[in-house]
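A.B. asks:
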Amino acid sequence: ICEILLQSQNNQIELLPALPIDNWPQGFVCGLRARGNYQVSIWWADGILQRAEILPLSNQNSCTIVYQNKKLILENLLSGYTYHLNSLLQLTHQSK
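Heads up: the sequence shown begins at 1182 in this note's numbering, then just goes up one per residue.
1. Is the stretch 1246-1257 touching the stretch 1213-1220, taking contact as three or more C-beta pairs under 8 Å?
2. Looking at the structure shown, is Leu1186 part of a helix, part of a strand, or coil, going by DSSP?
3. Looking at the secondary structure, which residues open and close the beta strand (DSSP E) in which Gln1202 lies?
4. Given a threshold of 16 other Cβ atoms within 10 Å of its Cβ, counted over all protein chains shown, does Tyr1262 qualify as buried or as exposed?
5. Assuming Gly1166 and Ile1202 form a contact by the criterion Cβ under 8 Å, report the distance between their Cβ atoms to the nearest whole angstrom.
6. Mind checking whether Leu1196 and Ala1226 have CB atoms under 9 Å apart?
The following block contains the structure:
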């Protein structure tokens, strides 16, 4: 079930890659673990990403976040900081 919400490999995290929109038009999931030592939370409505939070559990050089045809490369990620993304896959802010 987790892989319909998040897939990760090679420093890339794909959000909602196979979301069953008819069954789960809205929802959220918190604390999914992604390869590379990340914790990810995702919120969606009407089958569309609303926001996401990426928490690296160790310092990372970079990570690519993918949603549909959009990509965002986050660089110099610090352990313990949460990186907040909006529905357009833009970094809005980070928090400790």
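Heads up, the beta-carbon is just placed ideally off N, CA and C, and yes, glycines get one too.
C.D. replies: In short, the structure shows the following:
1. no
2. helix
3. A small fix is needed here, since residue 1202 is Ile in this sequence, not Gln. Counting along the chain, Ile1202 falls outside any beta strand (DSSP E), and DSSP gives it neither H nor E.
4. exposed
5. Outside the displayed span of the chain (1182 to 1277) sits residue 1166, for which this structure offers no information.
6. no
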